[in-house]
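Asker: The sequence shown maps to residues -21 to -1, 1 to 372 in mature numbering (1 follows the signal peptide of the UniProt record, and there is no 0). C-beta atoms are modelled at their ideal positions from N, C-alpha and C, and glycine is treated no differently. From a predicted model like this one, the values you see are computed outputs, not experimental measurements.
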Amino acid sequence: MMVAPAVLSLLVSFTVLSVDATPKRSCPPPEDILPCVCSDDSLGLVLVCSGVKDEPELAQVFTANFPSSDFHELRILHDPMNLSHRLHSMEPSTLGEATFQRVNITGTQILSIDGKTFDKSKSTLQSLAFDGNRIYEFPLASLSSYTSLTTLLLANNILPRLQLVFSPFLKVLDVNGNRPLVVEEKAFENSPSLQKINLSNTSQQSLQRGLFAQLGQLHELDLSNNDLKELEEAAIVTAKPSLTYLDVSRNEISSISHDSIVGLATNATLVMEKNKITQLTQKSWQHIFDQLQQPYGIINLAGHSTVQKGFGFLRDRTVATEMTRPATSPVTSHHADPTRSVPRIHWSCGCDMAWIVLNKTYLALFTDTTTCASGERVIFLDPNIFTLMCPHV
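Shown next, in the form of structure tokens:
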């Protein structure tokens, strides 16, 4: 069947009109939004306002006639050493009618954020980054209204407390560098979707028991560079074995209790380097080892001051004993008093580690950078020496 030319022309015109009727995103005239700069990238409109000096100037920008009020990103990057920048706050009216999917504001003098500053973006805001400002007050209680917000970055501010985080949607929370930061007992109870938490460098001296117990999707937890001295029972416990990365390195940890860490996935990496662990006792540690499996489970104690003591002495003593012992003397004759043959048995890489060394699965969990005083890598410790020198195995 042939279509009449007039009908065909009408169809083409209708199609063109339909395409033209589709709203187009576009930036306002550049001179209307100075000192901000608007651009259209592949994801949407990006508004860079790094040139604004203070809140009134920023608010003035958003009084302009915007062809489209829907932006992909707002970006304000200040030099914190530049004293001409005096952006101290953001008010409910500062951003006008504009909506954003991402906000990245860094290096400003902002002290507090009003709970209604981003009200227009409640359904669109996905990522909110306020790293490296001077924020001491943030409206965490208002997060539940932001139905698309999955990432909140507040690193290197001056927050004094981490109060209840109300958000069923939030997946990433970074507050590292806020110190000293008091983390409230039930801070994460109402944020069940959290997958990554960074509490590094926040001067934590202890952890509230069950602090993470409501989290069943937590994959990464960073507690490095703090002042933790011990891990008590239920210090790090998650609702499910979901943790694939746990970092408690560079603390002052000298002991851990049984069941202090529960929730490691079988392929987890546990980083505990540069602490003050003196023993890897079976009672305290076996449950941690049992949660991990090769080939991907890893325990990193590299650079550990006490792991690097003990076995070098044990090995050298063993060699010396073997060289001076009569050929007919039974091995057990040297263990009537264990402290004679192994006087530093209580240190790591000594007999307290026999339960690990004699279990190939446990031993394989160590990184190849974890060494004893002699420089020998833990993963290459000889089980035969432990069988010979340790009376209780």
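For the alpha helix (DSSP H) containing Ala38, name the first residue and the last one.
Answerer: Unbroken alpha helix (DSSP H) run through Ala38: Glu34 to Val40.
Asker: Whose C-alpha, out of Gly354, Glu34, Lys219 and Leu178, is nearest the C-alpha of Gln193?
Answerer: It is Lys219 whose Cα lies nearest to the Cα of Gln193.
Asker: Put Ile358 into one of helix, strand or coil per three-state DSSP.
Answerer: Three-state result, Ile358: helix.
Asker: What first and last residue would you give for the alpha helix (DSSP H) that runs through His51?
Answerer: His51 -> not in any alpha helix (DSSP H); beta strand (DSSP E) instead, spanning Asp49 to Leu56.
Asker: Tell me, please, whether the region 31 to 46 touches the region 58 to 78 by the rule of three or more beta-carbon pairs shorter than 8 Å.
Answerer: Contact between the region 31 to 46 and the region 58 to 78 is present, because at least three Cβ pairs lie under 8 Å.
Asker: When DSSP labels each residue in this structure, what does Thr366 get in the three-state scheme?
Answerer: Three-state result, Thr366: helix.
Asker: Do you know how far the Cα of Asp11 is from the Cα of Ser18?
Answerer: If I take the Cα positions, the gap works out to 14 Å.
Asker: Are the region 91 to 104 and the region 58 to 66 touching, with three or more C-beta to C-beta distances below 8 Å?
Answerer: No: the two stretches stay apart, fewer than three of their Cβ pairs being nearer than 8 Å.
Asker: Sorted by chain position, which residues of the same chain lie with C-beta nearer than 6 Å to Val40's C-beta, five sequence neighbours on each side aside?
Answerer: Taken in chain order, the residues that qualify are Ile12 and Cys15.
Asker: How big is the Cα-Cα spacing for Asn230 and Leu107?
Answerer: Distance between the alpha carbons of Asn230 and Leu107 is about 29 Å.
Asker: Taking the alpha-carbon positions, what's the Asn169 to Leu249 distance?
Answerer: Distance between the alpha carbons of Asn169 and Leu249 is about 26 Å.
Asker: According to the neighbour-count rule (16 or more other Cβ atoms, all chains shown, within 10 Å of its Cβ), is Asp58 buried or exposed?
Answerer: That one is exposed.
Asker: So, helix, strand or coil for Ile215, using DSSP?
Answerer: Of the three classes helix, strand and coil, the one that applies to Ile215 here is strand, per DSSP.
Asker: Shortest alpha-carbon distance to Ser233 belongs to which of Asn246, Thr245 and Leu210?
Answerer: Nearest C-alpha to Ser233: Leu210.
Asker: On the criterion of 16 or more Cβ atoms from any shown chain inside 10 Å, does Asp347 qualify as buried, or is it exposed?
Answerer: The residue is exposed, with fewer than 16 neighbouring Cβ atoms inside 10 Å.
Asker: List the endpoints of the continuous alpha helix (DSSP H) containing Ile335.
Answerer: Taken as a continuous stretch (DSSP letters only), the alpha helix (DSSP H) holding Ile335 covers Ala333 to Val336.
Asker: Which value, in whole angstroms, describes the spacing of the CA atoms of Thr223 and Val151?
Answerer: Rounded to the nearest angstrom, the two C-alpha atoms are 15 Å apart.
Asker: Could you pull out every unbroken beta strand (DSSP E) segment of at least 3 residues lying fully inside the region 202 to 247, listed in chain order?
Answerer: Runs of the beta strand (DSSP E) inside the region 202 to 247: 222 to 226.
Asker: So, helix, strand or coil for Ala120, using DSSP?
Answerer: Correct three-state label for Ala120: helix.
Asker: Using the Cα positions of Leu143 and Ala333, report the straight-line distance between them to the nearest angstrom.
Answerer: C-alpha separation (whole angstroms): 44 Å.
Asker: I need the straight-line Cα distance from Ser275 to Ser239, nearest angstrom please.
Answerer: Residue 275 is actually Tyr in this sequence, not Ser. Roughly 22 Å between the two C-alpha positions.
Asker: Taking Asp20 as part of the beta strand (DSSP E), name the residues at either end of that continuous run.
Answerer: First-last of the beta strand (DSSP E) with Asp20: Val16 to Asp20.
Asker: Tell me which residues share the same chain as Val216 and place their Cβ nearer than 8 Å to its Cβ, disregarding the 5 neighbours each side in the sequence.
Answerer: Excluding sequence neighbours, Val216 sits near Gly189, Phe191, Ala192, Asp238, Ile240, Val241 and Gly242.
Asker: Apply the 10 Å Cβ neighbour rule to Met60 and answer buried if 16 or more other Cβ atoms are within range, or exposed otherwise.
Answerer: Under this definition Met60 is an exposed residue.
Asker: For Asp201 versus Ser179, is the C-beta distance shorter than 9 Å?
Answerer: Yes; because the gap between Cβ atoms is below 9 Å, this pair is in contact.
Asker: Starting from the Cα of Leu131, find the closest Cα among Arg158, Thr87, Asn83 and Ile267 and give me that residue.
Answerer: Checked all of Arg158, Thr87, Asn83 and Ile267; the closest Cα to Leu131 is Asn83.
Asker: Could you compute how far the alpha carbon of Glu163 sits from the alpha carbon of Leu119?
Answerer: Going from the Cα of Glu163 to the Cα of Leu119 covers about 13 Å.
Asker: Under 9 Å, do Cys351 and Leu360 count as touching if we go by C-beta distance?
Answerer: Yes.
Asker: What residues are listed by DSSP as bridge partners for Ile92?
Answerer: The partner list for Ile92 (beta bridge, DSSP) reads Met69.
Asker: Do you know offhand how far Thr42's Cα is from Arg54's?
Answerer: When rounded, the distance between both Cα atoms is 18 Å.
Asker: Within the continuous alpha helix (DSSP H) that includes Ile267, where are the two ends?
Answerer: Unbroken alpha helix (DSSP H) run through Ile267: Gln261 to Gln270.
Asker: Excluding sequence positions up to five away, which residues of its chain have a Cβ less than 6 Å from the Cβ of Ser203?
Answerer: Ser179, Asp226, Ser228 and Arg229, listed in sequence order.
Asker: Just the C-alpha distance for Lys208 and Thr260, rounded to the nearest angstrom, thanks.
Answerer: Whole-angstrom Cα-Cα distance: 17 Å.
Asker: Please state the DSSP three-state secondary structure of Asp110.
Answerer: Correct three-state label for Asp110: coil.
Asker: Within a Cβ cutoff of 6 Å, which residues of the same chain sit near residue 373, ignoring the five residues on either side of it in sequence?
Answerer: Outside the shown range of the chain (-21 to 372) lies residue 373, about which nothing can therefore be said.
Asker: Determine, using beta carbons only, whether Phe167 and Leu138 come nearer to each other than 9 Å.
Answerer: Not closer than 9 Å, so no.
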